[in-house]
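Novice: Once you've had a glance at the structure underneath, I'll fire off some questions.
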Amino acid sequence: AQRVTQPEKLLSVFKGAPVELKCNYSYSGSPELFWYVQYSRQRLQLLLRHISRESIKGFTADLNKGETSFHLKKPFAQEEDSAMYYCALSRKYGGSQGNLIFGKGTKLSVKP
Amino acid sequence: EAGVTQFPSHSVIEKGQTVTLRCDPISGHDNLYWYRRVMGKEIKFLLHFVKESKQDESGMPNNRFLAERTGGTYSTLKVQPAELEDSGVYFCASGIQGRGTEAFFGQGTRLTVV
Chain A
1 AQRVTQPEKL
11 LSVFKGAPVE
21 LKCNYSYSGS
31 PELFWYVQYS
41 RQRLQLLLRH
51 ISRESIKGFT
61 ADLNKGETSF
71 HLKKPFAQEE
81 DSAMYYCALS
91 RKYGGSQGNL
101 IFGKGTKLSV
111 KP
Chain B
1001 EAGVTQFPSH
1011 SVIEKGQTVT
1021 LRCDPISGHD
1031 NLYWYRRVMG
1041 KEIKFLLHFV
1051 KESKQDESGM
1061 PNNRFLAERT
1071 GGTYSTLKVQ
1081 PAELEDSGVY
1091 FCASGIQGRG
1101 TEAFFGQGTR
1111 LTVV
């Protein structure tokens, strides 16, 4: 079954501490993985995607096919990082973009 | 550039009534998706339009839900008759074709069935 698992419902860290938001997936095929973020009172927005191998707002995520993981990391958390983070996997139809399968989300709280 | 817009932002209806949600995607986006998050659960896919055609409607919960995208522009999602378990936040997203492309989300419509 295709599934995205985010084991932590809530993650609380102090400002300046490292952050790792865990994401594991189950998918038969070549997955496309994303992290979406929802800040308070804002809409869901893309943070980063694995095919870009980019760093956004200091966050990085590496696809580990052996461990079927796509953990989100940041070396030094900032208070403005407090938000809801969703890991998502894109199903594809014949090579074009398909729908997203979301994890349940992890609420990150960064304390001063 | 206007983002994905959803109307209304909040709707409270009685069980058995009909509600129609609307989504205006970003201009030029052929892909349009509907998602739903019910209390305590993950955001779940409902269906996917490519232009006016339904590419995938495997996530539609039952035949009380009807989605349309006439002319390939805006889309509507009608729930008739609404049940209590339909309460949740309904999201619409749009995007262009292509591998790894971003889905742009609307702010969501919070539906409460009482």
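Chains as they are written, first to last, in this note's numbering: chain A, 1 to 112; chain B, 1001 to 1114. By construction, the Cβ of each residue, glycine as well, lies at the ideal position given by its N, Cα and C atoms.
1) Report the three-state DSSP secondary structure of SER52/A (helix, strand or coil).
2) Would you say GLY16/A lies against chain B (beta-carbon separation less than 9 Å)?
3) Sorted by chain position, which residues of the same chain lie with C-beta nearer than 6 Å to MET1060/B's C-beta, five sequence neighbours on each side aside?
4) Check whether the stretch 8-18 of chain A and the stretch 1052-1068 of chain B touch, using three or more Cβ-Cβ pairs below 8 Å as the test.
5) Please state the DSSP three-state secondary structure of GLU20/A.
6) Okay, do the stretch 1069-1087 of chain B and the stretch 1022-1038 of chain B touch, 3+ Cβ pairs below 8 Å being the bar?
7) Would you decide whether ARG53/A is buried or exposed? Buried here means 16 or more other CB atoms lie within 10 Å of its CB.
8) Determine the DSSP secondary structure at GLU1083/B, reduced to helix, strand or coil.
9) Counting only the same chain and skipping the five closest in sequence on each side, list residues whose C-beta sits under 7 Å from that of LYS15/A.
10) Beta-carbon of GLY105/A versus every beta-carbon of chain B: anything under 9 Å?
11) Tell me the DSSP secondary structure of GLU1052/B in three-state form.
12) Identify every residue that forms a DSSP beta bridge with VAL1004/B.
13) Taking only beta-carbon atoms, is ASN99/A less than 9 Å away from chain B?
14) Would you kindly work out how many angstroms separate the C-alpha atoms of GLN1080/B and LEU47/A, rounded to a whole number?
15) What residue does the beta strand (DSSP E) around TYR1033/B start on, and which one ends it?
16) Any Cβ of chain A within less than 9 Å of the Cβ of ALA1082/B?
17) Name, please, each residue of chain A whose Cβ falls closer than 7 Å to the Cβ of GLY1128/B.
18) Going by DSSP in three states, GLU1014/B sits in which element: helix, strand or coil?
19) Counting only Cβ-Cβ distances shorter than 9 Å, please list the residues of the stretch 54-81 of chain A near chain B, keeping chain order.
20) Could you tell me which of ASP81/A, VAL4/A and ARG41/A sits nearest to LEU33/A, measuring between CA atoms?
21) What distance in whole Å lies between the Cβ atoms of VAL1113/B and SER1087/B, which are believed to be in contact at a cut-off of 8 Å?
Specialist: From the atom records:
1) If you number the first sequence from 1, residue 52/A lands on position 52. In the structure shown, SER52/A sits in a helix (DSSP, three-state: H, G or I).
2) For the purposes of this step, residue 16/A is taken as the residue at position 16 of the first sequence. No, GLY16/A lies away from the interface with chain B (no Cβ there is under 9 Å from its Cβ).
3) In the second sequence, residue 1060/B corresponds to position 60, counting from 1. Counting only Cβ-Cβ distances below 6 Å, and skipping sequence neighbours, we find LEU1046 and LEU1047.
4) With the cut-off at 8 Å, the stretch 8-18 of chain A and the stretch 1052-1068 of chain B do not touch.
5) By 1-based counting over the first sequence, the position of residue 20/A is 20. Reduced to three states, the DSSP call for GLU20/A is strand.
6) yes
7) Taking the first residue of the first sequence as 1, we reach residue 53/A at position 53. Exposed.
8) Here residue 1083/B is taken as the residue at index 83 of the second sequence, counted from 1. Looking at GLU1083/B - three-state DSSP - the assignment turns out to be coil, as it is neither helix nor strand.
9) For the purposes of this step, residue 15/A is taken as the residue at position 15 of the first sequence. Result list for LYS15/A: ALA77, GLN78, GLU79, VAL110, LYS111 and PRO112, in chain order.
10) Reading the first sequence from its first residue, position 105 is the one you call residue 105/A. At least one chain B Cβ lies under 9 Å of GLY105/A.
11) Counting from 1 along the second sequence, the entry for residue 1052/B is found at position 52. GLU1052/B: coil per DSSP, three-state reduction.
12) Working through the second sequence from its first residue, we reach residue 1004/B at position 4. DSSP output for VAL1004/B lists no bridge partner at all.
13) Reading the first sequence from its first residue, position 99 is the one you call residue 99/A. It does; some Cβ of chain B falls within 9 Å.
14) The residue given as residue 1080/B occupies position 80 in the second sequence. The residue given as residue 47/A occupies position 47 in the first sequence. Taking the straight line joining both Cα atoms gives about 36 Å.
15) Residue numbering aside, residue 1033/B sits at position 33 when the second sequence is read from its first letter. That run of the beta strand (DSSP E) goes 1031-1037.
16) Position 82 of the second sequence, counted from the start, is the residue given in the question as residue 1082/B. It does not: the Cβ of ALA1082/B has no partner Cβ on chain A nearer than 9 Å.
17) Residue 1128/B lies beyond the stretch modelled for chain B, which goes from 1001 to 1114, so this question has no answer here.
18) Numbered from its first residue, the second sequence carries residue 1014/B at position 14. GLU1014/B falls in the coil class under three-state DSSP.
19) none
20) One-based indexing of the first sequence puts residue 33/A at position 33. Here the closest residue by C-alpha is VAL4/A.
21) Position 87 of the second sequence, counted from the first residue, corresponds to residue 1087/B. Position 113 of the second sequence, counted from the first residue, corresponds to residue 1113/B. Contact flag correct, Cβ pair sits at about 5 Å.
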